[in-house]
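Each step along the sequence shown adds one to the number in our numbering, with nothing skipped, and position 119 is 466.
Just so you know, even glycine gets a beta-carbon here, dropped at the ideal spot from N, CA and C.
Here the structure is a predicted model, which is why all the values come from computation and not from measurement.
See below for the structure under consideration.
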Amino acid sequence: MGFDKAEFVTSAPSLDVCPKPYYPEICFAGRSNVGKSSLINALVNHKGLARTSNRPGKTQQMNYYQVDDKMYLVDLPGFGYAKVSKKERERWGRDIRDYLLERATLRLVIHLVDIRHKPTDLDEEFFYWLGTNRLPFTVVLTKGDKLSHNKRHQSKARLKRILDEMNIEVPIIISSAEDNTGIGDIKELIYE
Ligand code: GDP
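Put into structure tokens, the structure is as follows:
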């Protein structure tokens, strides 16, 4: 199902320097180290495309990847990285909000949460903000391989309860960049 050709396009710190809005785009959000780069690599089956490392906070810009000459995947800067100054965090927040609200070609926000952890206050605020602004989004629970089948489903149910309380109904997908769980489902959703 496509995703055959993928290449890095550019890094952009803010909306005004993003590539010309041309292809529909899908962006990936979540806290640092949640597995964004690994998920993007798994989707395009190209291990070295998005940088992955154990060092949180290394991607402080929006990284654009072009896929199959028909869409952009955009890796947003990870949020909630404690070692960055408050002022810098606020600037990122503003830049990302501008991007999410004003990018005409944005089609879907994929928000990642580590399946082992309860969504943080920042995650919850972000769900609420996306819902209030009627942005189409989906939640991917990453690193599914790290939990047993039962624990995975408990984590999904916990997330669903949180979203239900906000009256938000969006798909929740369990993924793993290790064993490719959920990768096909995420691709299908992107194609839809
Ligand atoms: P990013 O900061 O959100 O881009 O996160 P990375 O993709 O760099 O991943 C952070 C760490 O989590 C790395 O050590 C990855 O190898 C690990 N990781 C990411 N996805 C998975 C996964 O699905 N399963 C497992 N077991 N580890 C993962």
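Within 7 Å: the Cβ of G395 and any heavy atom of the ligand GDP?
no
Minimum Cβ-Cβ distance from H464 to chain B less than 8 Å:
Here there is only one protein chain, and chain B is not present.
Identify which residue in F355, T489, N514 has its Cα closest to the Cα of V460.
T489
Throw me the rounded Cβ distance for the E471 and I509 pair, which I believe falls under 8 Å.
6 Å
How would you write the range of the alpha helix (DSSP H) that D532 sits in, first residue to last?
530–538
How would you call R317, buried or exposed, if buried means at least 16 neighbouring beta carbons within 10 angstroms?
In the structure as shown, the chain starts at 348 and stops at 539, and residue 317 therefore has no counterpart that could be examined.
Does the distance between the C-beta of G377 and the nearest non-hydrogen atom of the ligand ZN fall short of 7 Å?
In terms of ligand content, the structure shown lacks the ligand ZN and carries the ligand GDP instead.
Put A504 into one of helix, strand or coil per three-state DSSP.
helix
Bridge partners - L453, DSSP secondary structure assignment:
E372
H458 classed as buried or exposed, judged by whether at least 16 other C-beta atoms fall within 10 angstroms
buried
Rounded to whole angstroms, how far is the Cβ of A389 from the Cβ of I530, which I believe are closer than 8 Å?
5 Å
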